[in-house]
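I have placed the structure first, in the form of structure tokens, so that the comments after it can refer back to it.
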Amino acid sequence: MRHRALKGIIVGARRKAFSGRVTFSSVIESVEAAPGGADYIIPGLIDLQVNGAETFDVMEARVEDLVSLARVMAQKGTTSFLPTAITAPLDDLVRVHEAVATAAQEVEQASGYATILGMHLEGPFIAQSRLGVHPPHTLTPSKEALETVLGLSLLRVLTLAPELEGALDAIGLLVERSVVVSMGHSDATLDQAMAGVEAGARMFTHLFNAMRPIHHREPGIAGAGLLASEAYAALIADGVHVHPAMLRLALHARGSDGIILTSDSVALKSFDPKARANCWGAGRDAVAEGCAARRPTGQLAGSLSFLIDCVRVMIETAGATIEQAVSMASTNPARLLGLKDRGVIKKGARADLLVLDRHLKLKAVFVAGQELTHQS
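Sequential numbering from 90 applies to the sequence shown in this note's numbering.
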């Protein structure tokens, strides 16, 4: 692969952005200060919760569809991601995992695709009272169910409700097997949520959504997500799932070091603007409404945004700096998964790079040094 160089405002190499030049092949070879270049150069984004996008739904997708999803992710600036399965019978979850595992191998051997880092399993160990649009196939984390889940070799993140019987023991077992536990779809109290953190949970799945809301006498799990802890607060920053004022509150409470941005994106049945959202299971009656999917009752059923859109929302409506937004959408997800080869711009890291203009519009994507696309 030939050597390339980009000049611009480099974000993700130091705490503060600076004018510089990045030289790279498949990996970054040097990062140095240099004048010139008006565009931003940032590390590729890492999305830990992708239920689908465009017409590709993770729960229903064939292997070739998941490969196509990886292509779409890369074109939109998400260079690594976790296909996310929702609550379903265990046999269905095993089927989805097999498809994800095969797709991950195919993508790894190809070029120009986002890396499939593994699978995020959002359920089935969640609260019946906080399903959102998940089907009601919930389970308690019994030994038999956990054995099936732990047999999923590509499982990287699992969302559960910490108040369920056996959940704290399950967290410990999952952590021992190097699975990141995130707490969500939960009616947990503050104490129950903090017990989950103590047991080893390291993220809150889509903070504020599908969880017990904050009350001034019982802050609940949402309140726990605003407190400083070892668990990141994941936010869907599409401007709909969480009000900009609450995004600002979360940023003020946790700081950018304590937040991860996720898209929680879902698929559409077609590209018709009035297309029905293809939310597997109970969300089949959802329709596209702006940058989110809603059921006829008004209930949200997922986002139609990509992670780059969430970066813009955090900057334009929540007051984040570009350094903070990049940290939340790239550096922090990499840290959570223990990935040292991406999420930052430094010598030796994968050359997963994005070029944005000063209006945060995506101009170019490089995946392992290969230029994938230009966008206006």
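Glycine residues also receive a C-beta, built at the ideal position from the N, C-alpha and C atoms. This one's a predicted model, so the numbers in the text were calculated from it and none came from an experiment.
DSSP three-state assignment for residue i, whether helix, strand or coil
i: Asp136; result: strand
i: Leu316; result: coil
i: Thr168; result: strand
i: Met148; result: coil
i: Thr248; result: strand
i: Gln459; result: strand
i: Glu378; result: strand
i: Glu236; result: helix
i: Thr420; result: helix
i: His186; result: helix
i: His341; result: helix
i: Ile397; result: helix
i: Thr269; result: A small fix is needed here, since residue 269 is Val in this sequence, not Thr. Strand at Val269.
i: Arg110; result: strand
i: Glu211; result: strand
Cβ pair residue i, residue j closer than 8 Å
i: Leu228; j: His274; result: no
i: Arg447; j: Ser169; result: no
i: Ser352; j: Ser419; result: no
i: Ile348; j: Leu340; result: yes
i: Gly408; j: Arg337; result: yes
i: Ile215; j: Thr176; result: yes
i: Leu296; j: Ala317; result: no
i: Ser119; j: Ala457; result: no
i: Arg93; j: Phe107; result: no
i: Val329; j: Gly379; result: yes
i: Ala320; j: Ala284; result: no
i: Gly109; j: Ile131; result: no
i: Leu247; j: Leu263; result: yes
i: Leu484; j: Val286; result: With the chain covering 90 to 465 only, the question about residue 484 has no answer from this structure.
i: Gly207; j: Leu171; result: yes
i: Val454; j: Leu461; result: yes
Contact belief for residue i with residue j at Cβ below 8 Å, rounded distance in angstroms
i: Glu211; j: Thr294; result: 7 Å
i: Val355; j: Ala326; result: Contact flag wrong, Cβ pair sits at about 16 Å.
i: Leu137; j: Pro422; result: 5 Å
i: Asp128; j: Lys452; result: 6 Å
i: Lys477; j: Ile397; result: In the structure displayed, the chain extends from 90 to 465; residue 477 sits before or after that span and is not available.
i: His209; j: Arg160; result: Actually they are not in contact, since the Cβ atoms of His209 and Arg160 sit about 19 Å apart, beyond 8 Å.
Reference residue i; option with closest CA among the options
i: Pro72; options: Gly458, Asp276, Leu239; result: A query on residue 72 cannot be resolved here, the shown segment of the chain reaching from 90 to 465 and no further.
i: His223; options: Arg384, Arg291, Gly240; result: Arg384
i: Lys450; options: Ala259, Thr204, Ala423, Val400; result: Val400
i: Leu158; options: Ala193, Leu262, Thr410; result: Ala193
i: Gln281; options: Val270, Leu253, Ser267; result: Leu253
i: Gly141; options: Ser392, Arg424, Glu265, Ala377; result: Ser392
i: Met148; options: Ile99, Val185, Leu279; result: Val185
i: Ala299; options: Glu307, Val286, Val331; result: Val331
i: Phe145; options: Met162, Pro132, Ile130; result: Met162
i: Ile434; options: Gly427, Leu443, Leu426; result: Leu443
i: Ile117; options: Gln459, Arg439, Glu460, Val270; result: Arg439
i: Pro213; options: Gln198, Ser231, Arg151, Gln164; result: Ser231
i: Ile98; options: Glu460, Val454, Ile411; result: Ile411
i: Val139; options: Ala174, Gly126, Val402, Val156; result: Ala174
i: Ser271; options: Leu279, Glu195, Met292; result: Met292
i: Arg266; options: Pro225, Ser200, Leu235, Pro333; result: Leu235
Residue i, buried or exposed, once every other Cβ within 10 Å from all chains shown has been counted against 16
i: Gly314; result: buried
i: Gly387; result: exposed
i: Thr237; result: exposed
i: Pro178; result: exposed
i: Ser218; result: exposed
i: Ala259; result: buried
i: Arg306; result: exposed
i: Ser416; result: buried
i: Arg151; result: exposed
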